[in-house]
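Undergrad: Would you mind keeping the following structure in view while I ask a few things?
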Amino acid sequence: MKNTLIFCGIALLIYIVYRVYKYQTLDDGLDRLIKKGAIILDVRTEKEYETGHIEGSKNISLGTIRERYTELDPNKTYITVCSHGLRSVKVETILKEKGFKHVYNGGAWSDLQKSFNLKVSENK
Numbered sequence: 000m001k002n003t004l005i006f007c008g009i010a011l012l013i014y015i016v017y018r019v020y021k022y023q024t025l026d027d028g029l030d031r032l033i034k035k036g037a038i039i040l041d042v043r044t045e046k047e048y049e050t051g052h053i054e055g056s057k058n059i060s061l062g063t064i065r066e067r068y069t070e071l072d073p074n075k076t077y078i079t080v081c082s083h084g085l086r087s088v089k090v091e092t093i094l095k096e097k098g099f100k101h102v103y104n105g106g107a108w109s110d111l112q113k114s115f116n117l118k119v120s121e122n123k
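Note that the sequence shown covers residues 0 to 123 in numbering that gives the first Met the number 0.
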């Protein structure tokens, strides 16, 4: 019984830390940016992207962003997304280091898609 309570306590703590992290790292005003034409930059791998993504999003993985960031226009607005929100924060930081001024973290692509009712594309 004691082990069960400890396990539940740890699981609850991990969940709370995750939720706090998620809300602290997501940028406010994403809906406004999307309406103004922000480009959704999906930073998952190509294989992950092919399983489903937000329609119209651009895919450049975290692993290739340092080489491929030149494909992006530094004057445009980007919202980074990935599967859970960790890689999108890293890419946001990398792009800002490269001089991009309008980069925002959108967290998990599926959460962003649901929150703003964006269309999903699947490659099969």
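The beta-carbon is built from N, C-alpha and C at its ideal position, and this holds for glycine as well.
Computed from a predicted structure; not experimentally measured.
1) In chain order, what residues of the same chain lie with their CB nearer than 6 Å to the CB of residue 37, ignoring the 5 residues before and after it?
2) Determine the closest residue to residue 34 out of 116, 100 and 44, with distance taken between C-alpha atoms.
3) Hey, residue 105 and residue 29: beta-carbon distance below 8 Å or not?
4) For a test of the three-state rule: what should DSSP assign to residue 41, helix, strand or coil?
5) In three-state terms, what does DSSP make of residue 62?
TA: Here's the rundown:
1) The residue you call residue 37 lines up with position 38 of the sequence shown. Closer than 6 Å at the Cβ level, and outside the excluded window around residue 37, lie 76 and 78.
2) Within the sequence shown, residue 34 is the residue found at index 35, counting from 1. It is 116 whose Cα lies nearest to the Cα of residue 34.
3) Locating residue 105 in the sequence shown gives position 106, counting from the first residue. Locating residue 29 in the sequence shown gives position 30, counting from the first residue. Cβ atoms of residue 105 and residue 29: closer than 8 Å.
4) Residue 41 sits at position 42 when you count from the first residue of the sequence shown. Residue 41 falls in the strand class under three-state DSSP.
5) Translated into the one-based positions of the sequence shown, residue 62 becomes position 63. Helix.
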